DNA sequence: ACGCTGTCATAACACTGTTATACACGTGCC
DNA sequence: GGCACGTGTATAACAGTGTTATGACAGCGT
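Structure, rendered in structure tokens:
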């Protein structure tokens, strides 16, 4: 039983993983310091030494959520046609939506103020944005370079796609999207901003 | 000093108004039963007799939020060109965004999970949806009838506009939309789903 | 060997939503 | 008029929350 050094970063990751599990099963409401502390085999102070308090833990969960969102988008675009194909922008949108449906609690923490006192720190927000929105910008730039799509600015095209994907996912998670075939509607609506920039 | 009957509904409205004020100034985190009770000149029980608890108050705030959102959309479309003009769909989107920016706390209660234990009751959700999304459907139907826009289904057109407006507003409230001129971008992105259905 | 620094558990504090209890008040009935 | 009743209210208690202060302990550098 040779316990490795167990660096501070390792322990942080461990606690975040536990918190993520609680978040997934019981929602943001079940996230109490005492609970995740005992689940991690320690005392309440553990969270304070590792994260400085609940907002700090919230920030870590926020970052973890964006990491997972980025992963979901990444795996979706990996099975899509090669760079330059507008289909990749659609795949990213589908990955975005898939994450929201798979991890609604994380989604609420990231976009819905689900943790009472917590607002994400500016750098954390910027990093999350870069890891996710950056993928959309890349795909858009490739399409512009390949000439499959036309637009003044790759960022603006990417933003349009992002806004659509987020609106779709957010409304669906909120239970406000009363449609018979949501999947079909999702495809139609995600395709719209792409078709608007089709080369012809 | 002849106190009028002060019906139950009146008192409910009064407390909701107080809660809305607290929500606007201190955010969802400042919404405590004791606080709004004392602000209303009563005891904690007040909230329980009027709403049955905090989730009940949350439901009332949720409904109030949709009432205000509907009002914001309504006033925006009132100064727009007459029915049948696609400009009306844009106006509704602008009203949607204006509400989100003016009342971000309400927006979080309605579309995030800003009140810890609360999930909106199904009828409340349906009513809110009808009061807001219904306006979009109406405007879309008028455009289809006037022949200014073409689409298979008015609802589908309306949904596309709604998704765009919501995505834009939600991302902006979350502080994730890093653009120089947000207003200009908002106009561009809101116009996209409308232009996609232009008659030609 | 000493002191320092950082981590930890315990306990307390102020606060939260919720619930049970007891009291006041208005109404209907005899 | 007087009395039971039911409703709304306030008080107090309960379990739980995040946070903070206190004291004990270990590891490390001088």
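Residue numbers (our numbering), protein chains in the order written: chain P, 1 to 200; chain W, 201 to 400.
All residues carry an ideal CB built from backbone N, CA and C; glycine is no exception.
Small disclaimer: the values here were computed from a predicted structure and weren't measured.
By the DSSP assignment, the alpha helix (DSSP H) with residue i in it spans what residues?
{"i": "residue 376 (chain W)", "result": "No alpha helix (DSSP H) contains residue 376 (chain W), which DSSP labels as neither H nor E."}
{"i": "residue 7 (chain P)", "result": "Neither: residue 7 (chain P) is in no alpha helix (DSSP H) and is coded neither H nor E."}
{"i": "residue 393 (chain W)", "result": "382 to 395"}
{"i": "residue 259 (chain W)", "result": "254 to 278"}
{"i": "residue 236 (chain W)", "result": "233 to 239"}
{"i": "residue 336 (chain W)", "result": "322 to 346"}
{"i": "residue 304 (chain W)", "result": "304 to 311"}
{"i": "residue 51 (chain P)", "result": "45 to 51"}
State the Cα-Cα distance for the pair residue i and residue j, rounded to the nearest angstrom.
{"i": "residue 34 (chain P)", "j": "residue 19 (chain P)", "result": "11 Å"}
{"i": "residue 75 (chain P)", "j": "residue 68 (chain P)", "result": "11 Å"}
{"i": "residue 231 (chain W)", "j": "residue 52 (chain P)", "result": "24 Å"}
{"i": "residue 154 (chain P)", "j": "residue 140 (chain P)", "result": "6 Å"}
{"i": "residue 133 (chain P)", "j": "residue 238 (chain W)", "result": "45 Å"}
{"i": "residue 137 (chain P)", "j": "residue 158 (chain P)", "result": "5 Å"}
{"i": "residue 313 (chain W)", "j": "residue 225 (chain W)", "result": "18 Å"}
{"i": "residue 214 (chain W)", "j": "residue 323 (chain W)", "result": "22 Å"}
{"i": "residue 310 (chain W)", "j": "residue 265 (chain W)", "result": "7 Å"}
{"i": "residue 9 (chain P)", "j": "residue 115 (chain P)", "result": "23 Å"}
{"i": "residue 3 (chain P)", "j": "residue 298 (chain W)", "result": "Residue confidence for residue 3 (chain P) is low, a pLDDT of 45 falling below 50, so the modelled location carries little weight and cannot support an answer."}
{"i": "residue 117 (chain P)", "j": "residue 61 (chain P)", "result": "14 Å"}
{"i": "residue 201 (chain W)", "j": "residue 258 (chain W)", "result": "Its pLDDT being 40, under 50, residue 201 (chain W) is placed unreliably by the model, and nothing is read from it."}
{"i": "residue 183 (chain P)", "j": "residue 50 (chain P)", "result": "41 Å"}
{"i": "residue 171 (chain P)", "j": "residue 180 (chain P)", "result": "15 Å"}
{"i": "residue 197 (chain P)", "j": "residue 188 (chain P)", "result": "15 Å"}
{"i": "residue 169 (chain P)", "j": "residue 178 (chain P)", "result": "13 Å"}
{"i": "residue 242 (chain W)", "j": "residue 212 (chain W)", "result": "13 Å"}
{"i": "residue 131 (chain P)", "j": "residue 21 (chain P)", "result": "22 Å"}
{"i": "residue 403 (chain W)", "j": "residue 55 (chain P)", "result": "The structure shown has nothing for residue 403 (chain W), since chain W only spans 201 to 400."}
{"i": "residue 356 (chain W)", "j": "residue 7 (chain P)", "result": "53 Å"}
{"i": "residue 200 (chain P)", "j": "residue 288 (chain W)", "result": "29 Å"}
{"i": "residue 44 (chain P)", "j": "residue 16 (chain P)", "result": "14 Å"}
{"i": "residue 325 (chain W)", "j": "residue 236 (chain W)", "result": "24 Å"}
Does the beta carbon of residue i come closer than 8 Å to any beta carbon on chain W?
{"i": "residue 189 (chain P)", "result": "yes"}
{"i": "residue 123 (chain P)", "result": "no"}
{"i": "residue 164 (chain P)", "result": "yes"}
{"i": "residue 55 (chain P)", "result": "no"}
{"i": "residue 95 (chain P)", "result": "no"}
{"i": "residue 72 (chain P)", "result": "no"}
{"i": "residue 195 (chain P)", "result": "yes"}
{"i": "residue 185 (chain P)", "result": "yes"}
{"i": "residue 116 (chain P)", "result": "yes"}
{"i": "residue 175 (chain P)", "result": "yes"}
{"i": "residue 32 (chain P)", "result": "no"}
{"i": "residue 100 (chain P)", "result": "no"}
{"i": "residue 192 (chain P)", "result": "yes"}
{"i": "residue 89 (chain P)", "result": "no"}
{"i": "residue 50 (chain P)", "result": "no"}
{"i": "residue 149 (chain P)", "result": "no"}
{"i": "residue 92 (chain P)", "result": "no"}
Thinking C-beta only, is residue j closer than 8 Å to residue i?
{"i": "residue 321 (chain W)", "j": "residue 228 (chain W)", "result": "no"}
{"i": "residue 173 (chain P)", "j": "residue 107 (chain P)", "result": "yes"}
{"i": "residue 393 (chain W)", "j": "residue 343 (chain W)", "result": "no"}
{"i": "residue 329 (chain W)", "j": "residue 176 (chain P)", "result": "yes"}
{"i": "residue 90 (chain P)", "j": "residue 190 (chain P)", "result": "yes"}
{"i": "residue 271 (chain W)", "j": "residue 335 (chain W)", "result": "no"}
{"i": "residue 348 (chain W)", "j": "residue 286 (chain W)", "result": "yes"}
{"i": "residue 127 (chain P)", "j": "residue 186 (chain P)", "result": "no"}
{"i": "residue 164 (chain P)", "j": "residue 295 (chain W)", "result": "no"}
{"i": "residue 284 (chain W)", "j": "residue 351 (chain W)", "result": "no"}
{"i": "residue 92 (chain P)", "j": "residue 79 (chain P)", "result": "no"}
Please decide whether residue i counts as near chain P, where near means a Cβ-Cβ distance under 8 Å.
{"i": "residue 260 (chain W)", "result": "no"}
{"i": "residue 218 (chain W)", "result": "no"}
{"i": "residue 311 (chain W)", "result": "yes"}
{"i": "residue 331 (chain W)", "result": "no"}
{"i": "residue 229 (chain W)", "result": "yes"}
{"i": "residue 359 (chain W)", "result": "yes"}
{"i": "residue 367 (chain W)", "result": "yes"}
{"i": "residue 327 (chain W)", "result": "no"}
{"i": "residue 243 (chain W)", "result": "no"}
{"i": "residue 208 (chain W)", "result": "no"}
{"i": "residue 371 (chain W)", "result": "yes"}
{"i": "residue 378 (chain W)", "result": "yes"}
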